[in-house]
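Protein chains: 2
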Amino acid sequence: MRTYNLEERGNTPLYEYLYRCIRGDILSGALQAEEKLPSKRALAEHLHLSVITVENAYAQLTAEGYLTARPKRGYFVSRVERPPTPRKPAAQVLPERPAPVWKLDCKTNRVDSTRFPFAVWSHLTRQVLSQEGTALLAPVPHQGLPALRRAIADDLRDYRGMTVSPEQILVGAGAEYLYLLLAQLLAENAPLAVEDPGYPRITQIYSKSGLACVPVPLDEQGLRLDALQKSGAGAVHISPSHHYPTGIVMPIARRQALLRWAEERNGIIIEDDYDSEFRFAGRPIPTLQSIDTFGRVIYMNTFSQTIAPSMRIGFLVLPPELLARYRRELDFYACPVPATEQAVLTRFLNSGQYEQHLSRMRSEYRLRRFAVLEAFRKSAFADRITITEHGAGLHFLLKIDTETPDDVLRRRAEAMGVRLGFLSEYTKQPDESLAHTLVVNYAGLESAALPEAMELLGKVLYEA
Amino acid sequence: MRTYNLEERGNTPLYEYLYRCIRGDILSGALQAEEKLPSKRALAEHLHLSVITVENAYAQLTAEGYLTARPKRGYFVSRVERPPTPRKPAAQVLPERPAPVWKLDCKTNRVDSTRFPFAVWSHLTRQVLSQEGTALLAPVPHQGLPALRRAIADDLRDYRGMTVSPEQILVGAGAEYLYLLLAQLLAENAPLAVEDPGYPRITQIYSKSGLACVPVPLDEQGLRLDALQKSGAGAVHISPSHHYPTGIVMPIARRQALLRWAEERNGIIIEDDYDSEFRFAGRPIPTLQSIDTFGRVIYMNTFSQTIAPSMRIGFLVLPPELLARYRRELDFYACPVPATEQAVLTRFLNSGQYEQHLSRMRSEYRLRRFAVLEAFRKSAFADRITITEHGAGLHFLLKIDTETPDDVLRRRAEAMGVRLGFLSEYTKQPDESLAHTLVVNYAGLESAALPEAMELLGKVLYEA
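Quick note, the sequences are listed as chains A and B, same order.
Residue 68 is where the first sequence starts when you use this note's numbering, and the numbers rise one by one after that.
Residue 68 is where the second sequence starts when you use this note's numbering, and the numbers rise one by one after that.
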């Protein structure tokens, strides 16, 4: 009769531990198919357990198909699928690169999630689990939970002045996933014009998804219309509220000109509103979506940035013609965001907590921005830098008075544990006017760290 | 002085309700920038509130930047960004198609999630929220949470006999997302051979992502090797554990022949193990991944099917060479699965609850399958059908003795509220031998509904 060491069971109930031991023996082959198990009484005596404990373990094993009970004869091991024995050692693989640790990171464009009201989110999650229960297991409509789409439409109405029907909204697993879908949706509108300078990942994802991209240069109002016309593009991806990395806010006149281009050319405009929540200066300018009367604009935004990078939810607002195209060609894709996350976000939006959080973060960043600019202005190298503050978001441009090439500076910085981002990294066209300019993301810079940061930057930039 | 109807506040605390009213007025423009607000005492008297309530509301508004407090002068409305007024009515959009309601659905390949241990999942979610807290907000490594990848590797070792290092695992938002990534990863291995008959969505997603597909026919052992060789494909997508819709389980000899093809041709095999958990007959056959000594196999599987369709988590196991390629070319994609879902799944796997659930479901489906087959055998049309039971998973093939074309039968069935799936829908090659064959998915068929289902099917199939 097999003996199991019941002392090793930790907090597991006795019957469950016994069940696991026997199951393990069946799966490993130590107990063979058709083998008869000891009677409940015999095993109970052998292991100094109560008969009821053994009975419970046998019942569980029988219910799950590991044992077969034969009346008056006892319990027999069933014929179960056993995992085959591994034939080979694990492959030798590249170890993962650990994320580098920086003394100072001025490049990563990341919102400070330590101030996110996690307790509220956590509370709403508990509420969703207990109030919605197993309804959360049902398949989600492919465009996303209707309640979430309504909450997003309400938020766009109240805070962005947009009139959007929930049927036009498509929920996806963050901006990158939505770019993948857009590449498929806009295949017939290729090539796609992209801003240069611009966020390189956007071009990367579209290109890898088979949608050809053409870079189009900017002037001080954003995307240049003459260059767009010449490019032959049938669609364009822009971020008019707050362009990254220049920070340019596209004025109303340029927006209207772009819309006219789309109407005349039957072109599509993707309005990427990423980060617009954290622009905290200047007069409000209507979104392209809200002044588009011909249905040429796809609006998109994400909550990954405003809530936390570990929470991947974004959405598209499709104009009627493209919504019809989506339903015809791409509606087979299941919504990739788990139902629970969608339900929690719905409540977070509807309770007003989302906008309260944004509002608090704007106040916080306003202060932080002021402190960072102040620190630069009072630094030892203040007379050798020029700061450009387009749009006042979570980053600004800092022109350095230097002859040192950007590459050399970046490597020197890295050797000193400092991560710098240069404007020249965001363009494909070598353009001397874009050189010697840092893109400073300050969201991670706490006031207390500023004196040390300035000293370090001074060394990196001017003490070669 | 403005008056607010405090009776309408519902459960909102008074000060918060007042705060929202005033904020609304500021955002709507009813209160203009620089306008002076009534003193706390004056407003409190006017609205019959305590001064402390007004003070709290004003403090909140000041903290969030809606009001500016000027010492000895009072509270003034700040210059805030107001959402522009909507310029146009909401677009006229296609209403969403409501999901059709069937009297009998024999087509949808869906696991019965009513038996999922939701209480356990819910408990683990609460545990994760309270024990991991704000760590859940931190960015997730691009390949997925390390603890989840370890739990998956352990599960593959214990239940699939696979030796896999967690570094090889890539977590994604369900199978469809992983197909999107694979299309990009395997661009240089195009074209991709796909099984015909096979699941049409697989070909659809790869093709739309720019990866050309070539259909390759099957014989009774699965994918035909001669046809694969002739196809010129550099990669192949197969489901050897349990092919959909034929149910064929690829025998070991064919698996080994496929591996030799991959070694000689430098080809890649995607082993899609979808649904393999619910095959409950036949001897275990090692996965291709576990007998691949040359690193040519990508293994993939998903939890969407085994847990719930609303839970989108799947994973790839990449061999070293493709892992290196992924890190070089695609490592920029953020992991699209929210951190909380990943942490909960980790605990669900590690606690043994996942395999217990699968085990219970296998017992349940075994019974259900038996009941369904029995019902067909005893039906009025039993002598006019032939059932093929390859692999014994959640579906089987049912050949109908009829001259009526599949299309006609399908439309007749739909008119009677019955959804049927035909084998001929899963192939691109018109092949008479595949006609008149139903693919019966019975996971949704409860025993109690069987008599009525058989009566309905009899009418659909044989009472024209």
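Heads up, the beta-carbon is just placed ideally off N, CA and C, and yes, glycines get one too.
Contact defined as beta carbons within less than 8 angstroms: I believe residue i pairs with residue j. What is the distance between those atoms, to the nearest angstrom?
| i | j | result |
| --- | --- | --- |
| tyrosine 44 of chain B | glutamate 338 of chain B | Because chain B is modelled from 68 through 531, residue 44 of chain B falls outside the range shown and cannot be assessed. |
| leucine 440 of chain B | isoleucine 452 of chain B | Incorrect: roughly 11 angstroms between the Cβ atoms, too far for contact. |
| threonine 181 of chain A | threonine 201 of chain B | 7 angstroms |
| valine 238 of chain A | glutamine 409 of chain A | 7 angstroms |
| proline 573 of chain B | alanine 240 of chain B | Because residue 573 of chain B is not part of the residues shown, which for chain B are 68 to 531, the question remains open. |
| valine 178 of chain A | proline 312 of chain A | That pair is no contact at about 16 angstroms. |
| alanine 406 of chain A | serine 377 of chain B | 4 angstroms |
| histidine 107 of chain A | tyrosine 125 of chain A | In the sequence on display, residue 107 of chain A carries lysine and not histidine. Indeed they touch by this definition, with Cβ atoms about 6 angstroms apart. |
| arginine 392 of chain A | leucine 285 of chain A | With a Cβ gap of about 29 angstroms, arginine 392 of chain A and leucine 285 of chain A do not count as contacting. |
| tyrosine 244 of chain A | leucine 259 of chain A | Between leucine 259 of chain A and tyrosine 244 of chain A the Cβ distance is about 17 angstroms, and since that is not below 8 angstroms, they are no contact. |
Buried or exposed: where does residue i fall if 16 or more other Cβ atoms within 10 Å of its Cβ makes it buried?
| i | result |
| --- | --- |
| lysine 174 of chain B | buried |
| isoleucine 315 of chain A | buried |
| glutamine 496 of chain B | exposed |
| glycine 289 of chain B | buried |
| lysine 275 of chain A | buried |
| isoleucine 119 of chain A | exposed |
| arginine 321 of chain B | buried |
| phenylalanine 437 of chain A | exposed |
| phenylalanine 443 of chain A | buried |
| glutamine 198 of chain A | exposed |
| leucine 161 of chain B | exposed |
Shortest alpha-carbon distance to residue i belongs to which of the options?
| i | options | result |
| --- | --- | --- |
| serine 306 of chain B | B/Ser276, B/Thr369, B/Gly277 and B/Ser298 | B/Thr369 |
| valine 187 of chain A | A/Gly419, A/Pro213 and A/Tyr244 | A/Gly419 |
| arginine 227 of chain A | A/Ile358, A/Glu243 and A/Leu134 | A/Ile358 |
| aspartate 498 of chain A | A/Asp473, A/Tyr133, A/Ile335 and A/Gln251 | A/Asp473 |
| leucine 278 of chain A | A/His309, A/Arg216 and A/Tyr246 | A/Tyr246 |
| proline 387 of chain B | B/Glu522, B/Glu234, B/Ile467 and B/Leu295 | B/Glu234 |
| glutamine 271 of chain A | A/Ile319, A/Thr494, A/Pro405 and A/Gly211 | A/Thr494 |
| glycine 460 of chain A | A/Glu431, A/Ala482 and A/Glu481 | A/Glu431 |
State the Cα-Cα distance for the pair residue i and residue j, rounded to the nearest angstrom.
| i | j | result |
| --- | --- | --- |
| asparagine 256 of chain B | alanine 166 of chain B | 38 angstroms |
| glutamate 74 of chain B | leucine 81 of chain B | 10 angstroms |
| valine 384 of chain A | arginine 363 of chain A | 11 angstroms |
| arginine 486 of chain A | alanine 502 of chain A | 17 angstroms |
| leucine 292 of chain A | alanine 520 of chain A | 40 angstroms |
| glutamine 194 of chain A | leucine 412 of chain B | 20 angstroms |
| alanine 510 of chain A | leucine 524 of chain A | 17 angstroms |
| valine 231 of chain B | arginine 435 of chain B | 34 angstroms |
| arginine 350 of chain B | threonine 504 of chain B | Note that arginine 350 of chain B scores a pLDDT of 48, beneath 50, so its modelled location is shaky and nothing firm can be said. |
| alanine 401 of chain A | alanine 205 of chain A | 12 angstroms |
| proline 153 of chain A | glutamine 323 of chain B | In this prediction, proline 153 of chain A scores a pLDDT of 48, lower than 50, which makes its location untrustworthy; the coordinate-derived value is nonetheless stated afterwards. Approximately 16 angstroms between the Cα atoms of the pair. |
| alanine 100 of chain B | histidine 457 of chain A | 23 angstroms |
| leucine 389 of chain A | aspartate 172 of chain A | 40 angstroms |
| phenylalanine 382 of chain A | serine 117 of chain B | 43 angstroms |
| alanine 97 of chain B | alanine 516 of chain A | 42 angstroms |
| aspartate 222 of chain B | serine 426 of chain B | 14 angstroms |
| tyrosine 529 of chain A | aspartate 398 of chain A | 56 angstroms |
| leucine 134 of chain A | asparagine 417 of chain A | 51 angstroms |
| serine 298 of chain B | isoleucine 335 of chain B | 14 angstroms |
| threonine 471 of chain B | asparagine 333 of chain A | 47 angstroms |
| glycine 141 of chain A | glutamate 422 of chain B | 26 angstroms |
So which residues on chain B does residue i lean against when the C-beta distance must stay under 9 angstroms?
| i | result |
| --- | --- |
| arginine 394 of chain A | Leu161, Glu163 and Arg164 |
| glutamate 481 of chain A | The premise fails here: glutamate 481 of chain A is roughly 19 angstroms from chain B at the closest Cβ pair, so nothing lies under 9 angstroms. |
Which chain A residues are close to residue i, counting only those with a beta carbon under 7 angstroms from its beta carbon?
| i | result |
| --- | --- |
| lysine 275 of chain B | Gln251 |
| glutamine 372 of chain B | Result: empty, since nearest Cβ-Cβ is about 11 angstroms, beyond 7 angstroms. |
| methionine 378 of chain B | Pro405 |
| serine 189 of chain B | Leu196 |
| leucine 247 of chain B | Leu247 |
Kindly list, in the order they appear in chain A, the residues whose Cβ is closer than 9 angstroms to that of residue i.
| i | result |
| --- | --- |
| phenylalanine 183 of chain B | Thr201 and Leu204 |
| glutamate 102 of chain B | Near glutamate 102 of chain B there are no residues of chain A at all, since even the closest Cβ is about 18 angstroms away, more than 9 angstroms. |
Any chance the CB of residue i is under 8 angstroms from a heavy atom of the ligand SAM?
| i | result |
| --- | --- |
| aspartate 474 of chain B | No copy of the ligand SAM occurs in the structure displayed, which carries no ligand at all. |
Verify the CB distance criterion: does residue i have a CB-CB separation below 9 angstroms to chain D?
| i | result |
| --- | --- |
| methionine 367 of chain A | The structure shown contains no chain D; the protein chains it does contain are A and B. |
List, in chain order, every chain B residue whose beta-carbon is nearer than 7 angstroms to that of residue i.
| i | result |
| --- | --- |
| valine 207 of chain A | Ser377 |
| phenylalanine 399 of chain A | Arg268 and Gln271 |
| arginine 429 of chain A | Gly132 |
| glycine 241 of chain A | Ala401 and Pro403 |
Interface residues of chain B around residue i at Cβ under 8 angstroms?
| i | result |
| --- | --- |
| leucine 390 of chain A | Val160 and Leu161 |
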